[in-house]
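Working notes, structure below.
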Amino acid sequence: MTSSKENSEGKVVVPQDTGRRRFLASSAIAGLAGAGLSLGLAGCNKKGSGAAAAASDAASAASGASSSSAINWDKYEVHPGKLDTYYVFSSGGHSGDLRVHGLPSGREIRRVPVFNVDCMSGWGITNESRKIIGTRPNGQLNYINGDTHHVHLSYTDGIYDGKHLFVNDKINARIARVRLDTMECDAITSLPNVQGFHGIFPDKRDPIDEKINYTTRVFCGAEFHIPVPNDGRDLDDPKKYFCLFTCVDAQTMQPRWQVKIDGNLDLVATSYDGKLACSNQYNTEGGVHYEEMMSAERDACVFFNVARIEQAVKNGKFFHLGTSTVPVVDGTHAANADPKTALTCYVPVPKNPHGVNVSPDGKYYACSGKLSPTATLISHELVLKWFDGGFKDPRDAVVAEPEIGLGPLHTGFDGRGFIYTTLFLDSQIVKWDQEAAIRAYKGDKNAKVVVDRIDVHYQPGHGFTSMGETRVPDGQYFISDNKFSKDRYLPVGPLHPDSSQLIDISGEKMQLVGDHPLYPEPHDSIVVRRDIIKTRQIYDLNEFPLATKSPKDNRVERNGKKVTIHLTSQAPTFGLREWTVKKGDEVTIILTNLDKVEDLTHGFAIPFYNISFVVHP
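The numbering of the sequence shown is this note's numbering, which starts it at 7 and goes up by one.
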C-alpha cells in the first residue's frame, strides 16, 4: 500500500513502493555516528504494481526530479578526445589513496597513493616514498594502511590556487600534503595525542597580516576524546578524557599548537578573513558509549580565535602533554567563560552536529544536525561580537535553524543564496533558501525555506557543489557521494561499489544527470575548475640531486658490502645491461629516466624481491 502526506512545502508526497527503495522502510536504525549509520538492512524484491509505478512517478514529481526525456544529455557527455570541465579530488577512504575524476563525465583519471602501499607506482617500496610515509627502527613502514577522509586545496584570496591538496588519515592520525603540479604526495605528518582524526580545513588568509592572503595553516579536529597521554593511566576515569584541535604549518607540515577542548570534534571549517576556525562538537555529555553521547538535546559548534591562541602561545601560556613538544592551550568551556579573554566560543546547536561549512560571502556557518532534522546558521559577525564582549550567551549568534529533513550531514552552496544538504536517512538532497531561513527564524511564517528535494541512491554522506568551498561557487553541479548502491549497478558479490551521483543545480529544479560506481569508500570530495590546476608532464632533472644526467655516468659503486648502482633508462633500454653483486650485499638502485617524451613512464622490477616501481620522464 501507499500513503500520502503533506510536507513542509505544502506538496503532497507519495512514497515510492519499488524494490530499490523499500529496503529503507525495513531498516532497523541502530545509531547514526561519524559519517554513517549502522543499519540492519532487509532488501525487498517485490515487483512493482501499476499503483506502485504511479506512486513512483508522483514521488519523482514531488522531489523535483525531471523526466529523462526533459534532460539535455549532450550537456553532460564528454566525447572521445575531449576534456572535462572540472577536476574532482576525492579521498579514497579505507583504500588510503586520493582519487582524481573528471566532471561531468565521472571518468577516473588518476589515483594518487598517500597512506597506502601501491605496487604500480612503487609508493611505499622506494626509499623516497618510505621516507615520506615514515619507518620504524627495523626499517618497516610505520603503517601500511590509512583512511583518507577529507580533502581540501590551498587558497589565495579565498579561491583555490592549485598549489597543494591536504588530506587526513583518520585511522592513524596523520595529515598529508599533495603537490598538484605532479599530483604526488610530498609530506606526511603525525599528530601527537590524537585519535580518530576526522576533519581538516586550511586557512584562507592570516588573521593579522593582510599581506598574507594565502594558506599558511591547516586546522585538524580530533574526533575521539581519550586519556591523554593514552598510556593506560586514566583509562577507567572518563572525566579525564579530552581531545585536541591542532594547527599544522602548511609549509613545514609540523604542528604549531594544539587546543584542549571538551567533547568530541567532527568536521572543520575556516573563515574567509582568517580570524576563526571552527569544528562541530558532539558528546558534551562526556560519555564513553553511544547512548551516553546522544542524551543531550544540544551540543555545540566550537569557534577558535586564531590570533588569541597564537598570542597565548607566544606569551608562554601553554603546557605540554606526555612526550610531545607541541604547545597546548586550554580551550575548555570552563576556562573560557569571559568572552573578552576567551580562546574558544561554544555556540549551542542541536544534537550531534556533523558537517560545518562557510557560506561563500563569509557571513554564515551552516551546521548540519545529523541526529536533529535541522540545520543551524551561525553569524560570523556575531561570533566575533561575542569575543569582543558584545553579548553573553553564545546561542545568540544563531540566526536560523530550519527543519530540513532526517539525517542532515553535509552542505554545499551555489552562490545564488541556496544551500544544498545531504539527508542520510531520507536518501535525499534538500535545497533551501538561506535568507528565507533567517526570516523564518525571526518569525516570518510566510518564508519558504525548503524549495526543492531530490532522491539519491542511497544514504548520502558528503555532498558538494562545484567550487562551493570558495568565494566563487559557480552553481552548476552538486555531487552526492552515497554510502549504499544496492541495485544500481551490475552485481559483483557481497562488496558493492559506492555510488556517486551528479546533480545539475543550474536551474530552478535539481536534475539527476549522472550515476557513477566507485571503489569503496570515497568519503569527501571537492570540485575544482580545470583552469586552476596547472600540471607538469615532464620533470626537471636538476630537482633531483641523485639523478644520473647522462648515459656516460652509468656505474656501479661499492663501499664495503653496500653497492650503489647509478642507472639510466631510455626506452626501451637500460644504461647497464648487467651488473654483478655478491650474496649478502646491500644494493641500492638509483634509476633515472632520460626520456623527454610526455607519457613515456618507465617501469622497473626485480622478481621475488618485492621490488617494482615506475620512473616518469
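For each residue, glycine too, the CB sits at the ideal point set by N, CA and C.
Point to revise | Closest by C-alpha distance to E303, when choosing among Y296, G292, P356 | key: In the sequence shown, residue 303 corresponds to position 297, counting from 1. The residue with the shortest Cα to Cα distance from E303 is P356.
Exercise for review: Assess, as a yes-or-no matter, whether the segment 382-402 is touched by the segment 411-421 under the definition of 3 or more beta carbon pairs within less than 8 Å.
Suggested key: no
Exercise for review: Assuming Y470 and I532 form a contact by the criterion Cβ under 8 Å, report the distance between their Cβ atoms to the nearest whole angstrom.
Suggested key: Within the sequence shown, the letter at position 464 stands for residue 470. Within the sequence shown, the letter at position 526 stands for residue 532. Checking the displayed sequence, the identity of residue 470 turns out to be Phe instead of Tyr. Right, the Cβ-Cβ distance comes to about 6 Å (below 8 Å), so this counts as a contact.
Point to revise | Cβ-based neighbour list, E563, same chain, cut-off 6 Å, excluding 5 preceding and 5 following | key: The residue given as residue 563 occupies position 557 in the sequence shown. Only residues of its own chain outside the window of five on either side were considered, and among them T570 have a CB closer than 6 Å to the CB of E563, listed in chain order.
Check your understanding: From H608 to S618, what distance separates their C-alpha atoms?
Key -> Along the sequence shown, read from residue 1 onward, the residue named residue 608 stands at position 602. Along the sequence shown, read from residue 1 onward, the residue named residue 618 stands at position 612. Each residue's Cα considered, the two are about 11 Å apart.
Review point. Three-state secondary structure (DSSP) at Y545?
Key: By 1-based counting over the sequence shown, the position of residue 545 is 539. Note: Y545 maps to coil in three-state DSSP.
Check your understanding: Between the C-alpha atoms of P366 and W263, what's the straight-line distance to the nearest angstrom?
Key -> On the sequence shown, residue 366 is found 360 positions in, with the first residue counted as 1. On the sequence shown, residue 263 is found 257 positions in, with the first residue counted as 1. Distance from the CA of P366 to the CA of W263, rounded to the nearest whole angstrom, comes to 28 Å.
Practice item. State the Cα-Cα distance for the pair A36 and K454, rounded to the nearest angstrom. Key: If you number the sequence shown from 1, residue 36 lands on position 30. If you number the sequence shown from 1, residue 454 lands on position 448. Here the model assigns A36 a pLDDT of 37, short of 50, so the residue's position is not dependable and the matter cannot be decided.
Check your understanding: Excluding five sequence neighbours on each side, which residues of the same chain lie with their C-beta closer than 8 Å to the C-beta of S491?
Key -> Against the sequence shown, residue 491 aligns to sequence position 485. Excluding residues within five positions, the ones whose Cβ falls inside 8 Å are H463, Y464, H502, P503, D504, S505, P523.
Review point. Can you name the start and end residues of the alpha helix (DSSP H) that L388 belongs to?
Key: Taking the sequence shown and counting its residues from 1, the one referred to as residue 388 is at position 382. Run containing L388: 386-393, per the alpha helix (DSSP H) assignment.
Check your understanding: What residue range is occupied by the uninterrupted alpha helix (DSSP H) comprising Q287?
Key -> Along the sequence shown, read from residue 1 onward, the residue named residue 287 stands at position 281. Run containing Q287: none in the alpha helix (DSSP H); it sits in the beta strand (DSSP E), 282-288.
Check your understanding: Taking C-beta to C-beta, are A275 and T290 nearer than 8 Å?
Key -> Here residue 275 is taken as the residue at index 269 of the sequence shown, counted from 1. Here residue 290 is taken as the residue at index 284 of the sequence shown, counted from 1. No, the Cβ-Cβ distance between A275 and T290 is not below 8 Å.
Review point. Looking at the unbroken alpha helix (DSSP H) that takes in K4, where does it start and where does it end?
Key: As shown, the chain starts at 7 and ends at 623. That puts residue 4 outside it, with no answer to give.
Review point. Taking DSSP as the reference, what is the three-state secondary structure of P557?
Key: Counting from one through the sequence shown, the residue named residue 557 turns up at place 551. Here P557 sits in helix by DSSP.
Exercise for review: Spatial neighbours of E604 within its chain, please: CB distance less than 8 Å, with the 5 preceding and 5 following residues excluded, ordered by chain position.
Suggested key: In the sequence shown, the residue the question calls residue 604 occupies position 598. Hits under 8 Å: Q543, I544, P623.
Check your understanding: Just curious, the beta strand (DSSP E) that A306 is in, first and last residue?
Key -> Locating residue 306 in the sequence shown gives position 300, counting from the first residue. 304-311 is the span of the beta strand (DSSP E), which, as asked, contains A306.
**Study point:** Sequence ranges, beta strand (DSSP E) only - wholly within the segment 234-277, length at least 3
**Key:** 247-255, 261-267, 270-276
Point to revise | The alpha helix (DSSP H) enclosing A179, as first and last residue numbers | key: As a working note, residue 179 is residue 173 in the sequence shown. Neither: A179 is in no alpha helix (DSSP H) and is coded neither H nor E.
Review point. Under the rule that 16 or more other beta-carbon atoms within 10 Å means buried, what is I115, buried or exposed?
Key: For this step, residue 115 is matched to residue 109 along the sequence shown. With fewer than 16 other CB atoms across the displayed protein chains lying within 10 angstroms of its CB, I115 is exposed.
Exercise for review: Kindly indicate the opening and closing residues of the alpha helix (DSSP H) around Y426.
Suggested key: Counting from one through the sequence shown, the residue named residue 426 turns up at place 420. Segment 424-429 is the beta strand (DSSP E) holding Y426; no alpha helix (DSSP H) there.
**Study point:** Limits of the alpha helix (DSSP H) - the one that Q440 falls within
**Key:** As a first step, residue 440 is located in the sequence shown; it is residue number 434 there, counting from the start. Element bounds for Q440: 440-447.
Check your understanding: What first and last residue would you give for the alpha helix (DSSP H) that runs through Y464?
Key -> As a first step, residue 464 must be located in the sequence shown, where it is residue number 458. That residue, Y464, is in no alpha helix (DSSP H); it is neither H nor E in DSSP.
Point to revise | Straight-line Cα distance separating D493 from G42 | key: Translated into positions along the sequence shown, residue 42 becomes position 36. Translated into positions along the sequence shown, residue 493 becomes position 487. Its pLDDT being 37, under 50, G42 is placed unreliably in this model, and the value from its coordinates should be taken loosely. When rounded, the separation of the alpha-carbon atoms in G42 and D493 is 19 Å.
Check your understanding: Under the three-state reduction of DSSP, which class applies to E298: helix, strand or coil?
Key -> On the sequence shown, position 292 is the one that residue 298 refers to. In this structure, E298 counts as helix in the three-state DSSP scheme.
Practice item. Might you give, ordered along the chain, the residues of its own chain that have their beta carbon closer than 7 Å to the beta carbon of Y288, omitting 5 neighbours on each side? Key: Here the question's residue 288 lines up with position 282 in the sequence shown. Here Y288 has G269, N270, D272, M299, D305, N358, P359 as same chain residues with Cβ atoms under 7 Å from its own Cβ, once five neighbours each way along the sequence are excluded.
Check your understanding: Where does T417 land, buried or exposed, given buried means 16+ other C-beta within 10 angstroms?
Key -> If you number the sequence shown from 1, residue 417 lands on position 411. Answer is buried; the Cβ neighbour count reaches 16.
Review point. Do you know whose CA, among G481, R142, L171, Q146, lies nearest T154's CA?
Key: If you number the sequence shown from 1, residue 154 lands on position 148. For T154, the nearest C-alpha among the options comes from L171.
Check your understanding: Do S486 and I511 have their C-beta atoms within less than 8 Å of each other?
Key -> One-based indexing of the sequence shown puts residue 486 at position 480. One-based indexing of the sequence shown puts residue 511 at position 505. Taking 8 Å as the Cβ cut-off, S486 and I511 do not qualify as a contacting pair.
Practice item. Pull up the distance between the alpha-carbon of N219 and that of D279, whole angstroms please. Key: Taking the first residue of the sequence shown as position 1, residue 219 is located at position 213. Taking the first residue of the sequence shown as position 1, residue 279 is located at position 273. Each residue's alpha carbon lies about 9 Å from the other.
Check your understanding: Using a Cβ-Cβ cut-off of 8 Å (strictly less than) and excluding sequence neighbours within five positions of G590, which residues of its own chain qualify?
Key -> Against the sequence shown, residue 590 aligns to sequence position 584. Cβ neighbours of G590 beyond the five flanking positions: K567.
**Study point:** Opposing strand residues paired with D458 [DSSP bridges]
**Key:** If you number the sequence shown from 1, residue 458 lands on position 452. K437, per the DSSP bridge assignment.
Check your understanding: According to DSSP, is V319 helix, strand or coil?
Key -> Reading the sequence shown from its first residue, position 313 is the one you call residue 319. In the structure shown, V319 sits in a helix (DSSP, three-state: H, G or I).
Review point. For the ligand GDP, any of its heavy atoms closer than 7 Å to the Cβ of Y288?
Key: As for the ligand GDP, it is missing from this structure, which has no ligand bound.
Point to revise | Beta-carbon contacts of G202 that lie in its chain and below 7 Å, excluding the five residues immediately before and after | key: Residue mapping note: residue 202 aligns to position 196 of the sequence shown, counting from 1. For G202, where only same-chain residues beyond five positions count, the Cβ hits under 7 Å are K176, A228, E229, F230.
Exercise for review: Just mark F380 as buried or exposed, buried being the case when its beta carbon has 16 or more other beta carbons within 10 Å.
Suggested key: In the sequence shown, counting from the first residue as 1, residue 380 sits at position 374. Phe is not the amino acid found at residue 380; the sequence shown has Thr there. Result: buried.
Check your understanding: Which residue or residues does DSSP assign as beta-bridge partners of N174?
Key -> Here residue 174 refers to the residue found at position 168 when the sequence shown is read from its first residue. Paired residues: I181.
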